[in-house]
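S.K.: To convert, note that position 214 of the sequence shown is 388 in our numbering; the numbers rise steadily by one, no gaps.
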Amino acid sequence: MLNLNNKVAVVTGSSSGIGRATAQLFVSLGANVIGLDINEEEGKKLEQEINNNKGNWFVHKTIDLTNTKQFKELAEFIEKKFNKVDILVNNAGTAEYKILEELSEEECDKVINVNLKPYIFLTKYFLQLLRKSGNASIINVSSVTAFRGEEDLVCYGATKGGIISLTITLARTLVKDNIRVNAILPGPLDTPLTFRRTKGIDKEKWQKLIKEMVPMGRWGKPEEVAYLIAFLASDLSTFMTGSLIPIDGGYLIR
Numbered sequence: 175m176l177n178l179n180n181k182v183a184v185v186t187g188s189s190s191g192i193g194r195a196t197a198q199l200f201v202s203l204g205a206n207v208i209g210l211d212i213n214e215e216e217g218k219k220l221e222q223e224i225n226n227n228k229g230n231w232f233v234h235k236t237i238d239l240t241n242t243k244q245f246k247e248l249a250e251f252i253e254k255k256f257n258k259v260d261i262l263v264n265n266a267g268t269a270e271y272k273i274l275e276e277l278s279e280e281e282c283d284k285v286i287n288v289n290l291k292p293y294i295f296l297t298k299y300f301l302q303l304l305r306k307s308g309n310a311s312i313i314n315v316s317s318v319t320a321f322r323g324e325e326d327l328v329c330y331g332a333t334k335g336g337i338i339s340l341t342i343t344l345a346r347t348l349v350k351d352n353i354r355v356n357a358i359l360p361g362p363l364d365t366p367l368t369f370r371r372t373k374g375i376d377k378e379k380w381q382k383l384i385k386e387m388v389p390m391g392r393w394g395k396p397e398e399v400a401y402l403i404a405f406l407a408s409d410l411s412t413f414m415t416g417s418l419i420p421i422d423g424g425y426l427i428r
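#1: Runs of 3 residues minimum, wholly inside the stretch 181-246: which ones carry the beta strand (DSSP E) assignment?
#2: Taking the alpha-carbon of I337 as reference, which of N177, N180, Q198 and I419 has the nearest alpha-carbon?
#3: Which stretch, first to last residue, makes up the alpha helix (DSSP H) that contains S339?
#4: Check for me: the beta strand (DSSP E) holding R354 runs from which residue to which?
#5: Determine the extent of the alpha helix (DSSP H) in which D320 is found, giving its start and end residues.
#6: Are there 16 or more other CB atoms within 10 angstroms of the CB of E247, so buried, or fewer, so exposed?
#7: I'd like to know whether the C-beta atoms of N356 and L406 end up nearer to each other than 7 Å.
#8: Return the first residue and the last residue of the alpha helix (DSSP H) that L402 is part of.
#9: Use the C-beta contact count for I358: other C-beta atoms within 10 angstroms, 16 or more gives buried, fewer gives exposed.
#10: So, for G331: in the same chain, excluding its five sequence neighbours on each side, which residues have a beta-carbon less than 7 Å away from its beta-carbon?
#11: In the DSSP assignment, the alpha helix (DSSP H) including V288 goes from what residue to what residue?
#12: Quick check on K298: does DSSP put it in helix, strand or coil?
#13: Using the DSSP secondary-structure output, state which residues sit across from I312 in a beta bridge.
#14: Measuring alpha carbon to alpha carbon, tell me which of E398, N213, T365 and N352 ends up nearest D260.
#15: In the DSSP assignment, what residue or residues form a beta bridge with I419?
#16: Cutting at 7 Å between CB atoms, please list the residues of its own chain near W393, excluding the five before and the five after it.
#17: Give me the DSSP bridge partner(s) of K272.
#18: According to DSSP, simplified to helix, strand and coil, what is L178?
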């Protein structure tokens with residue numbers, strides 16, 4: 175049976191989309207969750223919503239993940255409160271939605287600094303806490319875009335490919351510490367980040383495009399992705415590391 179009883183989990187990008195759905199599910203499965211997000215207003219709303227229903231199981235921390243200097247302080251906070259991290263979900267992301275000719279270096283730097291660097295350095299600063307778990311799991315959120323490039327997602331696709339390489343490297347490196355590292359590759363999802371891209375496009379036209387792009391003919395839901403993340407976080411997946419798992423409605427086989 176799927177449960178995360180007494181697990182301590184850190185989820186980045188927890189105020190919306192996949193991260194929000196994951197934080198909510200983790201708490202319902204018995205985990206203590208620290209949610210990291212730059213959006214303080216939505217983070218505090220989620221904290222109140224979860225804790226009103228479940229007790230003090232969720233802590234929101236407002237953090238700019240591009241500022242890696244904050245990670246040491248964050249690790250110290252978690253060590254004092256919980257003394258370990260069992261689950262790290264590297265999920266936070268952004269995208270540029272610019273073709274190469276229109277892309278600025280600053281825009282690309284922002285995508286790299288949100289989508290890739292924190293995945294590396296949160297793992298670094300949380301390493302001792304993950305080792306204390308004795309059976310830790312890191313789940314990195316990549317994307318099908320790593321394998322199917324999109325012309326207006328140049329830097330986004332590059333970071334998602336980097337996450338795949340990072341996942342394989344960390345899986346090989348950390349197996350000796352009983353830390354599993356896996357990546358998921360979501361396809362088109364009904365999330366705020368996706369709908370930034372569709373702004374200004376007729377809804378019926380976009381729905382038609384989705385039916386052409388996705389064999390299952392619909393958007394994926396953040397809650398569906400959250401269940402896959404929970405499986406990888408749980409003791410049901412203890413023989414899995416270095417795995418790359420699409421959850422895309424068949425997008426990669428079309």
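Glycine included, each C-beta is placed from N, C-alpha and C at the ideal position.
M.R.: Here's the rundown:
#1: The beta strand (DSSP E) runs lying completely inside the stretch 181-246 and spanning 3 residues or more are 182-186, 206-211 and 232-236, given in chain order.
#2: Here the question's residue 337 lines up with position 163 in the sequence shown. Comparing Cα-Cα distances from I337 to each of N177, N180, Q198 and I419, the minimum goes to I419.
#3: On the sequence shown, residue 339 is found 165 positions in, with the first residue counted as 1. Note, S339: alpha helix (DSSP H), V328 to L348.
#4: Within the sequence shown, numbered from 1, the residue matching residue 354 stands at position 180. Counting along the chain, the beta strand (DSSP E) containing R354 begins and ends at I353 to P360.
#5: Counted from its first residue, the sequence shown places residue 320 at position 146. It is worth fixing the name first, because residue 320 is Ala in this sequence and not Asp. In the DSSP assignment, A320 falls outside any alpha helix (DSSP H) and carries neither an H nor an E.
#6: What you label residue 247 is simply residue 73 of the sequence shown in a count that begins at 1. Classification for E247: exposed.
#7: Position 182 of the sequence shown holds residue 356. Position 232 of the sequence shown holds residue 406. Cβ distance < 7 Å, so N356 and L406 count as in contact.
#8: Residue numbering aside, residue 402 sits at position 228 when the sequence shown is read from its first letter. Where L402 is concerned, the enclosing alpha helix (DSSP H) stretches over P396 to A407.
#9: Position 184 of the sequence shown, counted from the start, is the residue given in the question as residue 358. Classification of I358: buried, given that the 10 Å Cβ count is 16 or more.
#10: Here residue 331 refers to the residue found at position 157 when the sequence shown is read from its first residue. Around G331, the same chain offers T319, A320, G323 and E324 as residues with beta carbons nearer than 7 Å, after the five sequence neighbours per side are excluded.
#11: Here residue 288 is taken as the residue at index 114 of the sequence shown, counted from 1. Per DSSP, V288 belongs to the alpha helix (DSSP H) from E279 to N289.
#12: Against the sequence shown, residue 298 aligns to sequence position 124. In this structure, K298 counts as helix in the three-state DSSP scheme.
#13: Against the sequence shown, residue 312 aligns to sequence position 138. Answer is L262 and V355.
#14: Position 86 of the sequence shown, counted from the start, is the residue given in the question as residue 260. Taking only the C-alpha atoms, the option nearest D260 is N352.
#15: On the sequence shown, residue 419 is found 245 positions in, with the first residue counted as 1. In DSSP, I419 forms a bridge with I358.
#16: Walking along the sequence shown from the start, residue 393 turns up at place 219. Cβ neighbours of W393 beyond the five flanking positions: P362, L363, D364 and I384.
#17: For this step, residue 272 is matched to residue 98 along the sequence shown. Under DSSP, K272 shares a beta bridge with L327.
#18: The residue you call residue 178 lines up with position 4 of the sequence shown. It is coil, neither helix nor strand.
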